[in-house]
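So the structure is just underneath, and the comments pick up after that.
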Amino acid sequence: MTSFDTPYPNYRKSRSEENEWFSTPLFLGKTKEGLAVVALGLHKTLQPRTVEALIIDRQAAPGEKPVLLGRLLKFDPYFDLVFDQKALQYLRQEHGMWVGKPRPARRWRTD
Numbered sequence: 033m034t035s036f037d038t039p040y041p042n043y044r045k046s047r048s049e050e051n052e053w054f055s056t057p058l059f060l061g062k063t064k065e066g067l068a069v070v071a072l073g074l075h076k077t078l079q080p081r082t083v084e085a086l087i088i089d090r091q092a093a094p095g096e097k098p099v100l101l102g103r104l105l106k107f108d109p110y111f112d113l114v115f116d117q118k119a120l121q122y123l124r125q126e127h128g129m130w131v132g133k134p135r136p137a138r139r140w141r142t143d
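Everything in the sequence shown is counted per this note's numbering, starting at 33 for the first residue and increasing by one.
Structural data, given as structure tokens:
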């Protein structure tokens, strides 16, 4: 397998990109418009493993290149994804991935 081959032909990765591909796409959730989003795999080198590392494909984008979820959120901050809780549990248990809203910064009392 060359560096450009993947199980998902629409995803042409760069030479320096190492991914862990799921054997079958993982249903990740739906957008608020009801469009399905599936996870195809994880970018291996991004740490900590958060949404930045998830390679996703969208029902609304047939034939387009799947993208990193974190990259999509940066360019489209209004991409509202309602996560499937079973998928999040699987990602935590099997891949050590954390998905969720960050905790607010802790405020230390100074008195």
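All residues carry an ideal CB built from backbone N, CA and C; glycine is no exception.
All of these numbers come straight from a predicted model, not from anything done at the bench.
(message) So for PHE49, helix, strand or coil by DSSP?
(response) In the sequence shown, counting from the first residue as 1, residue 49 sits at position 17. The sequence shown places Glu at residue 49, not Phe. Three-state DSSP puts GLU49 in coil, outside helix and strand.
(message) Do THR82 and TRP130 have their beta-carbon atoms positioned less than 8 Å apart in this structure?
(response) On the sequence shown, residue 130 is found 98 positions in, with the first residue counted as 1. On the sequence shown, residue 82 is found 50 positions in, with the first residue counted as 1. Result yes, Cβ atoms of TRP130 and THR82 sit closer than 8 Å.
(request) Measure the C-alpha to C-alpha separation of GLU65 and VAL114 and round it to an integer number of angstroms. (result) If you number the sequence shown from 1, residue 65 lands on position 33. If you number the sequence shown from 1, residue 114 lands on position 82. Roughly 10 Å between the two C-alpha positions.
(message) Tell me the residue span of the alpha helix (DSSP H) that contains ARG103.
(response) Taking the sequence shown and counting its residues from 1, the one referred to as residue 103 is at position 71. Counted as a single uninterrupted DSSP element, the alpha helix (DSSP H) harbouring ARG103 occupies residues 101 to 107.
(request) Output yes or no for whether 8 Å exceeds the beta carbon distance between PHE54 and ALA71. (result) Position 22 of the sequence shown holds residue 54. Position 39 of the sequence shown holds residue 71. Yes.
(message) Can you tell me whether SER35 is helix, strand or coil according to DSSP?
(response) In the sequence shown, counting from the first residue as 1, residue 35 sits at position 3. Here SER35 scores only 42 on pLDDT, less than 50, and its place in the model is too uncertain to base an answer on.
(request) Compare the Cα-Cα distances from GLU49 to each of PHE59, ILE87, THR63 and PRO80 and report the closest residue. (result) Mapped onto the sequence shown, residue 49 falls at position 17. When each option's Cα is compared against that of GLU49, the closest is ILE87.
(message) Taking the straight line between their C-alpha atoms, what separation do you get for GLN91 and GLU126?
(response) For the purposes of this step, residue 91 is identified with residue 59 of the sequence shown, where counting begins at 1. For the purposes of this step, residue 126 is identified with residue 94 of the sequence shown, where counting begins at 1. Those two C-alpha atoms are separated by around 25 Å.
(request) Within the same chain, show all residues whose beta-carbon is closer than 7 Å to that of ASP116, passing over the 5 residues directly before and after it, in chain order. (result) Sequence index remark: in the sequence shown, residue 116 carries index 84 (1-based). Counting only Cβ-Cβ distances below 7 Å, and skipping sequence neighbours, we find PHE59, LEU60 and GLY61.
(message) Please report whether the beta-carbon of GLU65 lies at a distance below 8 Å from any beta-carbon of chain B.
(response) In summary, chain B is missing from the structure at hand, where a single protein chain is found.
(request) Flag this pair as yes or no: are the beta carbons of PHE111 and LEU120 separated by less than 8 Å? (result) Working through the sequence shown from its first residue, we reach residue 111 at position 79. Working through the sequence shown from its first residue, we reach residue 120 at position 88. Taking 8 Å as the Cβ cut-off, PHE111 and LEU120 do not qualify as a contacting pair.
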